[in-house]
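>
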Amino acid sequence: MEHAQSRDKPLLDPSLLLLLLLSSAQSCWIVLQHRVANSIA
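Take 1 as the starting number for the sequence shown in full-length UniProt numbering and just add one per residue.
1. Nearest-angstrom Cα distance between ARG35 and LEU19?
2. Where LEU32 and LEU21 are concerned, what is the direct C-alpha to C-alpha distance, given to the nearest angstrom?
3. Specify the secondary structure class of ALA41 as computed by DSSP and reduced to three states.
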């Protein structure tokens, strides 16, 4: 029995990966905004 089906399917779901990327980008953006606000104040 070959594992062709498991090889086809990616390890991470593309939508899940996109969601992870989006959430990390959002948290980075929040940190960046806080740093800018602190430097201005």
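Beta carbons are placed, not taken as given, at the ideal position from N, Cα and C, and that holds for glycine.
The short version:
1. Within the model, the alpha-carbon separation for ARG35 versus LEU19 is close to 24 angstroms.
2. 16 angstroms
3. coil
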